[in-house]
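Q: Per full-length UniProt numbering, the sequence shown runs over residues 12 to 182. Every residue gets a Cβ at the ideal spot worked out from N, C-alpha and C, and that includes glycine. It should be emphasised that the depicted structure is a prediction, and the values quoted were computed from it without experimental measurement. Would you mind keeping the following structure in view while I ask a few things?
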Amino acid sequence: GLRKKEVNVLCLGLDNSGKTTIINQLKPSHTQAPEIVPTIGFNIEKFKSSSLSFTVFDMSGQSRYRNLWEHYYKESHAIIFVVDSGDKLRMVVAKEELDTLLNHEDIRSKKIPVLFFANKTDLRDAMSSVKISQMLSLENIKDKPWNICASNAIKGEGLQEGLDWLQEQIA
Ligand code: GTP
Ligand code: MG
């Protein structure tokens with residue numbers, strides 16, 4: 012039969028934003044981890060959608076590991092950037108990391124899609140995805156397709172919508 016197109020996706024964002032929880036939810040249920048722990052370095056996860064075969068580099072967001080991110084920019088076909096909608100204090104740090112990413116020579120010139128998850132919408136003081144778009148100045152991203160989806164990774168809400176969009180951009 013027809014082989015699915017192989018795509019490398021880089022999953023980035025600050026520690027505790029929910030990257031591993033999101034990726035775990037996107038995997039087939041029989042391969043899902045029962046418990047999520049903070050990522051050390053990075054993990055490689057694989058799953059398939061209807062038309063694509065994804066290899067996800069689930070990076071640690073801890074500051075001491077963020078220098079690993081750039082080593083995977085060259086080979087990535089898409090980026091998932093996760094933010095904790097309840098973490099107002101560190102939204103500026105998330106923006107700094109996003110700006111560094113978008114200005115990196117291996118990313119700057121590439122028209123790869125960037126999917127943002129405004130995660131943890133269930134938190135009582137969660138900011139809206141519109142507010143987060145403003146805080147991250149997403150409207151300034153002109154050279155790449157981007158989208159922001161509100162999500163609750165624990166319940167799995169909003170994740171499929173995001174992945175469907177990403178798939179459309181790549182397929
Ligand atoms: P690092 O690997 O350290 O970079 O963190 P991470 O971004 O992979 O975060 P992880 O998936 O480990 O989740 C961090 C914590 O947030 C865990 O306790 C998760 O259960 C929790 N969490 C993830 N998504 C949600 C969500 O949508 N809502 C709530 N309330 N908690 C969430
Ligand atoms: Mg993790």
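Let me know the secondary structure DSSP gives Asp69 once reduced to three states.
A: Asp69: strand per DSSP, three-state reduction.
Q: What residues in its chain sit with their C-beta under 7 Å from that of Leu134, if we drop five residues either side in the sequence?
A: Cβ within range, chain order: Ser96, Gly97.
Q: Which same chain residues end up closer than 8 Å to Glu150 when comparing Cβ atoms and leaving out the 5 residues on each side of it in sequence?
A: If we look at Glu150 and ignore the five residues flanking it on each side, its Cβ neighbours are Ser144.
Q: Using a threshold of 8 Å, state whether the C-beta atoms of Ile34 and Val67 are closer than that.
A: Cβ distance < 8 Å, so Ile34 and Val67 count as in contact.
Q: List in chain order: all unbroken beta strand (DSSP E) runs of 3+ residues lying wholly within the region 26–93.
A: You should have 53–59, 63–70.
Q: In terms of residue numbering, what span does the beta strand (DSSP E) encompassing residue 4 cover?
A: Beyond the ends of the chain as shown, which are 12 and 182, falls residue 4; an answer cannot be given.
Q: When you compare each of Met70, Met138, Leu113 to Leu100 by their alpha carbons, which one comes out closest?
A: The candidate whose alpha carbon is nearest that of Leu100 is Met138.
Q: Does Leu149 come out as helix, strand or coil in the three-state DSSP assignment?
A: If DSSP states are grouped into helix, strand and coil, Leu149 belongs with the helices.
Q: Would you kindly report the start and end of the unbroken beta strand (DSSP E) that includes Leu126?
A: 125–130 is the extent of the beta strand (DSSP E) around Leu126.
Q: With H, G and I counted as helix, E and B as strand and the rest as coil, what does DSSP make of Ala105?
A: Note: Ala105 maps to helix in three-state DSSP.
Q: Using a Cβ-Cβ cut-off of 8 Å, state whether Glu172 counts as contacting chain D.
A: Looking for chain D here will not work: only one protein chain is present.
Q: Counting by C-beta, which residues lie closer than 5 Å to a heavy atom of the ligand MG, in chain order?
A: Listed along the chain, these residues meet the criterion: Lys30, Thr31, Thr50.
Q: How would you call Gly169, buried or exposed, if buried means at least 16 neighbouring beta carbons within 10 angstroms?
A: The residue in question, Gly169, is buried, as its Cβ has 16 or more Cβ neighbours within 10 Å.
Q: Would you grab the beta carbon distance between Gln73 and Gly167 for me? Rounded to a whole angstrom, and I think it's under 8 Å.
A: Rounded, the Cβ-Cβ distance is 25 Å, inconsistent with contact.
Q: By the DSSP assignment, the alpha helix (DSSP H) with Ile181 in it spans what residues?
A: That run of the alpha helix (DSSP H) goes 170–181.
Q: Residues in the same chain with beta-carbon distance under 8 Å from Lys16, minus the five sequence neighbours each way, listed in chain order, please.
A: Closer than 8 Å at Cβ, skipping near neighbours: Ser62, Leu63, Ser64, Ile181, Ala182.
Q: In its own chain, which residues sit with a C-beta less than 7 Å from the C-beta of Leu174, not counting the 5 before and 5 after it?
A: Excluding residues within five positions, the ones whose Cβ falls inside 7 Å are Leu37, Ser60.
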